[in-house]
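Those sequence lines, one after another, are chains A and B.
At position 59 of the first sequence (counting the first as 1) the number is 59 in this note's numbering, and the numbers step up by one without a gap.
Counting the second sequence from 1 gives a position; this note's numbering is that position plus 1000.
Quick reminder that beta carbons are idealized off the backbone N, C-alpha and C, glycines included.
Protein chains: 2
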Amino acid sequence: MRSKGAFRTGIARDSNLTEASVSRILNELRRENLVEEKRQQTSNAGAPTAFVTLSKDITVLGIELSNSRLSFGVGDLKGTLDYVERVPASPQLSQQDFERLFAESAANVREWVGVRGITLRQAAMSVPGFGREGGNPIYPWDMRRLALSLGEALPGVPLTFTNSVIAQAAFHRYSHPAGYDISGDHLFLFAGHGVAGVIVNDAAPVDAFSAFEIGHMVIERDGLPCRCGHKGCLEAYTSLRAISPIIGLSDADILTKGDHFMEALSVDPAAREVLRERQFLLGLALGNALNLHSVPKVVISGWPSLMPEADRAAIAHGLNQSLLGGYSPERLELSFIEPLIGNDPKAALHYAAYCFVRDGALDEKSGQRAALEEIA
Amino acid sequence: MRSKGAFRTGIARDSNLTEASVSRILNELRRENLVEEKRQQTSNAGAPTAFVTLSKDITVLGIELSNSRLSFGVGDLKGTLDYVERVPASPQLSQQDFERLFAESAANVREWVGVRGITLRQAAMSVPGFGREGGNPIYPWDMRRLALSLGEALPGVPLTFTNSVIAQAAFHRYSHPAGYDISGDHLFLFAGHGVAGVIVNDAAPVDAFSAFEIGHMVIERDGLPCRCGHKGCLEAYTSLRAISPIIGLSDADILTKGDHFMEALSVDPAAREVLRERQFLLGLALGNALNLHSVPKVVISGWPSLMPEADRAAIAHGLNQSLLGGYSPERLELSFIEPLIGNDPKAALHYAAYCFVRDGALDEKSGQRAALEEIA
DNA sequence: CAGGATAATTACACTGTGTAAATATGTGAT
DNA sequence: ATCACATATTTACACAGTGTAATTATCCTG
Chain A
1 MRSKGAFRTG IARDSNLTEA SVSRILNELR RENLVEEKRQ QTSNAGAPTA
51 FVTLSKDITV LGIELSNSRL SFGVGDLKGT LDYVERVPAS PQLSQQDFER
101 LFAESAANVR EWVGVRGITL RQAAMSVPGF GREGGNPIYP WDMRRLALSL
151 GEALPGVPLT FTNSVIAQAA FHRYSHPAGY DISGDHLFLF AGHGVAGVIV
201 NDAAPVDAFS AFEIGHMVIE RDGLPCRCGH KGCLEAYTSL RAISPIIGLS
251 DADILTKGDH FMEALSVDPA AREVLRERQF LLGLALGNAL NLHSVPKVVI
301 SGWPSLMPEA DRAAIAHGLN QSLLGGYSPE RLELSFIEPL IGNDPKAALH
351 YAAYCFVRDG ALDEKSGQRA ALEEIA
Chain B
1001 MRSKGAFRTG IARDSNLTEA SVSRILNELR RENLVEEKRQ QTSNAGAPTA
1051 FVTLSKDITV LGIELSNSRL SFGVGDLKGT LDYVERVPAS PQLSQQDFER
1101 LFAESAANVR EWVGVRGITL RQAAMSVPGF GREGGNPIYP WDMRRLALSL
1151 GEALPGVPLT FTNSVIAQAA FHRYSHPAGY DISGDHLFLF AGHGVAGVIV
1201 NDAAPVDAFS AFEIGHMVIE RDGLPCRCGH KGCLEAYTSL RAISPIIGLS
1251 DADILTKGDH FMEALSVDPA AREVLRERQF LLGLALGNAL NLHSVPKVVI
1301 SGWPSLMPEA DRAAIAHGLN QSLLGGYSPE RLELSFIEPL IGNDPKAALH
1351 YAAYCFVRDG ALDEKSGQRA ALEEIA
């Protein structure tokens, strides 16, 4: 999923195989038209080495349900989008209505690829709240029925689901390395419509990432009512919906303005103070979460990353009140990256590419699969 | 680590190998004197089948640091203890003093096994708070130096460390199946000196379990001071130290009475009410934790498991205030098992047996290793 | 003792690996 | 143009471990 390719030496190192084995495997993958190799001279003497990339001739479909809309995108394994369609999808939509809406859009996609003689090799869809034991608390749908229904709308195309924050985290991490130079295990925390995190484990495949529903941690007993029915949840204080009245902007305005929506404002001192208090609570909840699942680095995206750095210090203050052993920059590395608002379904497209590689009829333990995942 | 052995059919099924491969592997392991097989008739007709167990001729060492004491135990792979020594070890001990204490006890162990011509094949030690990024918050020692020092006190014996609650959870789960018939992924929560949990993942090896420092989740802003320096931590309300004044018993008395210490009391109604409130807070924190790491089942051990069932309902009430989607017995299975107080170092001994099997110079991916782990 | 049922073993073919030798492919000097 | 050198890739060989299916072993019942 790193989407930029690799040298043979790197593939051999990271997949724990010799270059002899990698050579055999790449020959096989080249015959199956899954990879491309470009020989290039990288030393003063010696034979040119091959830079291996995934084949561009493979087309995948990414589908996202976020920002009150359903987005479809067709593209290649590098993530280049060739087709995008977005339709409104209210969070209150019934499962039946949603399936109908999906089928219509899927028919449009099938028509678009049919005309061009393109075969979709893989589809992936990201859904907020997906993957929890006990069902999806945000879209309380019958996921088995949904998988069957959506599968029927895309006959012959393998369809995989994932949690939205997992797709977002993987997309930020691997497809936008600029500004995301974090390595090793870390927590990716996103404050948007929902407030959720994902544990990113570099050694694990993307589908082993765990979504963190931190937004429904109760951090104030008998506090503000939350959409989930409880009182005092972090999300009741820190979601975009919670702060939009504070900064005087509607949800729709935020979506329209996209990245940097905070820059377009002049937030008055009273509002900034309230936003600092909200960030303190975010830090308190973050410390509680890190007590349960300790990682040395946290990446925060969403509106807090657009706040002035002086204001973001409130997160550290909140952390200091809950994190076992206290907070210091030596013990926990805090980073902020700007959100990528309104780019759906790019994250899902990248996840579809990942799934194609992961599921490409290769035995999980084989060197071939390991090598291919290094290229991805 | 299930410590009871297995039939060949089960080994083949669980390790994804054919019985032919299992047969070859067991022949190898029998030649290395690692397993024993007992043929027994299990059907009316047909050949007797073999029940495979780990060899009893292998001796391991378990070491636990808990309950203000350091315990050593020598035994076999089944967990039968042949030698036990316990010495007082204050939580405020310096690393240097601890290393000296350890060396003395280790010399006693070496003498005991030397006289009997026994070779220790593996040692394991469980330490509260072990394994966290950023160091051990409970014993703020230099773990690298400690590993070197303790390794020198036990020359020639591989030594592995683990977190105390992980060793406890694995011990309860696999060595005392009576009263612990939970299957599948679950959270094991223990309220004792510390309040901690561990995610038990049946599909993963024991060393992939994750410790959950739920005790230091802040559930009451500006609440009771905790030993960790923060205010309002769960542990400040629910550790044994927090409740011993409520029930009028000292820590030492509790340790002496062992299991069933609550039965020996008649707790008055006012104290019971306070204990219910404390269990409510436990439930609130538990719900927060499960929002982050969703599992369908929770096992609670420690003093709450000794409370009347009517009082334990307060945990469900607390859960209902925080768990996303609310609490119901259909969505989350709550079980209680009695604590096993004062049996240290049995849990560490079992973990040593597990480590011996896991690390027995076998390639991680090999069928041989998979088969052996099924027997363990 | 023979037949039937079940478990364990083993011959055979296959797959994928690492090692090391062989081959290929470039640059720079002559 | 040729040769030496450096680096990358390929491939012959040996090895290890697997599944399949046939063979052998071991019990019980009549």
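Return the first residue and the last residue of the beta strand (DSSP E) that residue i is part of.
i, result
"PHE161(A)", "159-163"
"LYS297(A)", "297-302"
"ASP76(A)", "69-76"
"GLU1277(B)", "Not the beta strand (DSSP E): GLU1277(B) falls in the alpha helix (DSSP H), residues 1269-1292."
"ILE1199(B)", "1195-1200"
"VAL115(A)", "Where VAL115(A) is concerned, there is no enclosing beta strand (DSSP E), although the alpha helix (DSSP H) it sits in stretches over 95-115."
Comparing alpha-carbon positions, which option in the options lies nearest residue i?
i, options, result
"HIS1350(B)", "SER1183(B), THR1162(B), MET1217(B)", "THR1162(B)"
"ARG1272(B)", "ALA1289(B), LEU1284(B), TRP1303(B)", "TRP1303(B)"
"ALA252(A)", "ALA12(A), ILE118(A), ALA170(A), ILE341(A)", "ILE341(A)"
"VAL357(A)", "PHE98(A), ASP207(A), THR42(A), SER105(A)", "ASP207(A)"
"GLU1085(B)", "GLU1099(B), SER1094(B), LEU1065(B)", "LEU1065(B)"
"SER301(A)", "ASP181(A), GLY197(A), ARG8(A)", "GLY197(A)"
"GLU1104(B)", "GLU1152(B), PHE1190(B), LYS1078(B)", "GLU1152(B)"
"GLU133(A)", "ALA1352(B), GLY1134(B), ARG1331(B), LEU1017(B)", "ARG1331(B)"
"GLN168(A)", "THR9(A), VAL127(A), GLY287(A)", "VAL127(A)"
What does the alpha-carbon distance come out to for the pair residue i and residue j?
i, j, result
"SER1015(B)", "ILE337(A)", "43 Å"
"PHE1280(B)", "LEU319(A)", "24 Å"
"LYS56(A)", "ILE138(A)", "36 Å"
"GLY1184(B)", "ALA1316(B)", "21 Å"
"THR1238(B)", "LYS1297(B)", "21 Å"
"GLY75(A)", "TYR354(A)", "13 Å"
"GLU1309(B)", "ALA1089(B)", "35 Å"
"LEU1334(B)", "HIS1293(B)", "16 Å"
"ARG39(A)", "VAL52(A)", "9 Å"
"ARG69(A)", "LEU1034(B)", "60 Å"
"GLU1036(B)", "ARG1024(B)", "14 Å"
Quick one: using the 10 Å Cβ neighbour count with 16 as the cut-off for buried, is residue i buried or exposed?
i, result
"ARG121(A)", "buried"
"LEU1344(B)", "According to the sequence displayed, residue 1344(B) carries Asp and not Leu. When all chains shown are included, ASP1344(B) counts as buried."
"GLU1032(B)", "exposed"
"ASN27(A)", "exposed"
"LYS346(A)", "buried"
"GLY114(A)", "exposed"
"LEU1224(B)", "exposed"
"PRO1245(B)", "exposed"
"GLY1062(B)", "buried"
"THR160(A)", "buried"
"LEU148(A)", "exposed"
"VAL87(A)", "exposed"
Which residue comes first and which comes last in the alpha helix (DSSP H) that contains residue i?
i, result
"GLN40(A)", "Run containing GLN40(A): none in the alpha helix (DSSP H); it sits in the beta strand (DSSP E), 35-40."
"GLU28(A)", "19-31"
"ASP448(A)", "Because chain A spans 1 through 376 in this model, residue 448(A) falls outside it and cannot be assessed."
Within 8 Å (strictly less), CB to CB, does residue i reach chain A?
i, result
"GLU1277(B)", "no"
"HIS1216(B)", "yes"
"SER1210(B)", "yes"
"PRO1137(B)", "yes"
"PRO1091(B)", "no"
"PRO1329(B)", "no"
"ASN1163(B)", "no"
"GLY1046(B)", "no"
"LEU1282(B)", "no"
"ASN1288(B)", "yes"
Just to check, is the beta-carbon of residue i closer than 7 Å to a non-hydrogen atom of the ligand ZN?
i, result
"ASN136(A)", "Among the components modelled here there is no ligand, and therefore nothing to report on the ligand ZN."
Under a CB-based cut-off of 8 Å, is residue i close to chain B?
i, result
"CYS228(A)", "yes"
"GLN321(A)", "yes"
"ALA361(A)", "Confidence at ALA361(A) is low in this model, with a pLDDT of 45, below 50, so the placement of that residue should be treated as unreliable; the coordinate-derived value is given next. By this cut-off, ALA361(A) is not an interface position."
"GLY194(A)", "no"
"SER236(A)", "Rather than Ser, the amino acid found at residue 236(A) in this sequence is Ala. No - not a single Cβ of chain B is within 8 Å of the one on ALA236(A)."
"SER294(A)", "yes"
"ARG358(A)", "no"
"GLU133(A)", "yes"
"PHE188(A)", "no"
"GLY342(A)", "no"
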